[in-house]
Amino acid sequence: MEGACFTVESINGDYAYLRSDDGLENQVAIFLLPEETDIGSRLLYENFEWTLL
227 MEGACFTVES INGDYAYLRS DDGLENQVAI FLLPEETDIG SRLLYENFEW TLL
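Printed below as a string of structure tokens:
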């Protein structure tokens, strides 16, 4: 599975709103993301895991 890069656009309650480099929007439960994730963070989603870049 090839990875995809996302940027955290906003955080609202228990959810982070992400935008991929391709412009696709995604909503992810914050508990699934690395602890240090904040607005503007760059994330890699690969092999069903999120990694902070």
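Basically our numbering = 1-based index in the sequence shown + 226. The C-beta atom is built at its ideal place from N, Cα and C for all residues, glycine as well.
Quick one: grab the DSSP three-state call for residue i.
i       : result
Phe-257 : helix
Ala-270 : Looking at the sequence itself, residue 270 is Leu, so the reference to Ala does not match. If DSSP states are grouped into helix, strand and coil, Leu-270 belongs with the strands.
How far does the beta strand (DSSP E) with residue i in it reach, from first residue to last?
i       : result
Glu-275 : 275-278
*Counting only runs that start and end within the segment 227-254, where is the beta strand (DSSP E) found for 3 or more residues in a row?*
230-238, 241-246
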